[in-house]
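In what follows, a single structure is set out as structure tokens and then discussed.
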Amino acid sequence: MKKAKIFIAAMTVIAAFSGLTKHSYASSFTIEKNVPVLLQINEFDVLYTFPKQPYLDENHRLMIPLRAVSELIGAKVSYDSASKTASIQLNDKVLKITAGSKDIEVNNVAKTIDTIPVMYKQSLFIPVRALIDHLNLQAKVDPKTGLVHLESELLDKYQMIELMKESDLSSDSIEDNYAILPLRYDLTLSGATKGELQNGSIAMTAQNVTGKAIAQGKEDLHIIFMFEHAFQMEADWNTTDQNNERPRPALHKDQTFNRVEKFTASNYDEKLKYILAVGRIFK
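This is how it looks when you write it as structure tokens:
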């Protein structure tokens, strides 16, 4: 059965991040294989962030781009491109952090961290540990999977998330937002070729983590593709002119399964910024 996808464009101006998000998109295909899912913010598993997915550095510290610190965690961020220094404000704390240096400042007090922030394709990548330790972020780490879970009420105020939730099923239809855990994925992503819409596909392996079987028709591994000014996600309900049902087989206790989802930008100037997923089940 053909599936419909919701594509919503943000109608208000999204804040420009001069200096910290001056993107340069390659024109070739990006292919990532067997990428582990390492970060979850509230109910959203963070699979991909431009220009590189969350990753572990050589010191086994989880790294994320500065833009995600602002948009997905909700911190107030500024960036000085000359010194490559970011100022991150959250929970009455101000953290100053510089690419290539373990020296930081917290409320003007000098401190050090145990790994180095790095520049990658003109984006500053920040160790999540520094945010947890110095900005009072609520966090926990799953000892079995290594997944870092962060809590941030400010994520729901990010415009794209607000629009997505307004367009999604009501929370009354969802039994559990944490029933399915994305484990790893393969990603194919086209670059910015003139006259072509950016497109790609993600092949994901996920697991039933409820501790019990999931009945047929209840699985909803819900994937959201966020672009610069719009987002795309699967429609989970039927309309008068479109049947959006897809196979949702029963899952045994602890069963792993695979999902493949394709995506295409709505406009030529739209570039992929995030891929998020919610591993939920219906009531």
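The sequence shown begins at 1 in the UniProt record's numbering and counts up one residue at a time.
Each residue gets a CB set at the ideal place from its N, CA and C atoms; glycine is no exception.
For residue i, the three-state DSSP class (helix, strand or coil)
i: residue 290; result: Here the chain covers residues 1 to 283 and nothing more, so residue 290 does not appear.
i: leucine 147; result: coil
i: leucine 221; result: strand
i: glutamate 32; result: strand
i: isoleucine 14; result: In this prediction, isoleucine 14 has a pLDDT of 35, which is less than 50 and means its spatial position is unreliable; what the coordinates show is noted afterwards. Coil, per DSSP.
i: glutamate 196; result: coil
i: glutamate 153; result: helix
i: serine 173; result: helix
i: tyrosine 268; result: coil
i: residue 297; result: The displayed coordinates of the chain run from 1 to 283. Any statement about residue 297 would go beyond what the structure contains.
i: alanine 213; result: coil
i: valine 260; result: strand
i: alanine 250; result: coil
i: glutamine 207; result: strand
Extent of the continuous alpha helix (DSSP H) to which residue i belongs
i: histidine 229; result: Neither: histidine 229 is in no alpha helix (DSSP H) and is coded neither H nor E.
i: glutamate 43; result: Unbroken run through glutamate 43: none, as it is neither H nor E.
i: glutamate 166; result: 159-167
Chain D contact for residue i (CB, 8 Å cutoff)
i: alanine 130; result: Considering every chain present, this structure includes no chain D. It has just one protein chain.
C-alpha gap between residue i and residue j, whole angstroms
i: glutamate 151; j: lysine 194; result: 39 Å
i: glycine 279; j: glycine 146; result: 17 Å
i: valine 148; j: isoleucine 180; result: 16 Å
i: glycine 19; j: glutamate 234; result: Residue placement at glycine 19 is flagged as unreliable, the pLDDT there being 36, under the threshold of 50; a coordinate-derived value is accordingly withheld.
i: glutamine 198; j: serine 101; result: 35 Å
i: leucine 251; j: alanine 82; result: 53 Å
i: leucine 131; j: phenylalanine 225; result: 25 Å
i: alanine 215; j: lysine 253; result: 10 Å
i: isoleucine 104; j: alanine 110; result: 6 Å
i: asparagine 42; j: serine 70; result: 15 Å
i: glycine 200; j: valine 37; result: 18 Å
i: asparagine 136; j: valine 94; result: 11 Å
i: isoleucine 202; j: proline 127; result: 26 Å
i: asparagine 107; j: aspartate 156; result: 26 Å
i: lysine 76; j: leucine 90; result: 7 Å
i: alanine 265; j: phenylalanine 227; result: 7 Å
i: leucine 72; j: proline 247; result: 31 Å
i: aspartate 80; j: aspartate 168; result: 38 Å
i: aspartate 133; j: methionine 160; result: 28 Å
i: serine 143; j: leucine 62; result: For the sequence presented, residue 143 should be read as proline rather than serine. Going by the C-alpha atoms only, they are around 15 Å apart.
i: threonine 112; j: phenylalanine 125; result: 16 Å
i: aspartate 186; j: serine 170; result: 30 Å
i: valine 35; j: valine 46; result: 12 Å
i: phenylalanine 263; j: aspartate 172; result: 28 Å
i: glutamate 261; j: glutamate 245; result: 15 Å
i: histidine 222; j: serine 78; result: 32 Å
Nearest neighbour of residue i, chosen from the options [CA to CA]
i: valine 209; options: Glu261, Ile202, Pro182; result: Pro182
i: glutamate 219; options: Leu189, Ala265, Tyr268, Ala277; result: Ala277
i: threonine 85; options: Asp92, Ile64, Met63, Pro117; result: Pro117
i: tyrosine 158; options: Asp186, Thr188, Arg67, Leu169; result: Arg67
i: alanine 230; options: Tyr274, Glu175, Leu169; result: Tyr274
i: serine 190; options: Phe44, Pro51, Leu47, Asn34; result: Pro51
i: residue 302; options: Ser170, Tyr185, Ile64; result: Not covered by the structure: residue 302. The range shown for the chain is 1 to 283.
i: phenylalanine 29; options: Thr188, Arg248, Gln255; result: Thr188
i: aspartate 114; options: Asp57, Asn267, Arg248; result: Asp57
i: leucine 272; options: Gln53, Asn34, Lys33; result: Gln53
i: glutamine 207; options: Phe282, Glu166, Gln255, Arg259; result: Gln255
i: serine 123; options: Phe257, Thr112, Thr98; result: Thr98
i: arginine 259; options: Thr205, Glu162, Lys283, Asp236; result: Thr205
i: glycine 211; options: Tyr185, Ser78, Asp176, Leu47; result: Asp176
i: glutamate 32; options: Phe44, Tyr55, Leu39; result: Tyr55
Residue i: first and last residue of the uninterrupted beta strand (DSSP E) it sits in
i: alanine 277; result: 272-282
i: arginine 184; result: 180-189
Quick check for students: name the residue ranges of the beta strand (DSSP E) that lie wholly in the UniProt domain "Copper amine oxidase-like N-terminal" (48-149), counting only runs of 3 or more.
62-65, 76-80, 85-90, 93-98, 103-106, 109-112, 118-120, 123-127, 138-141
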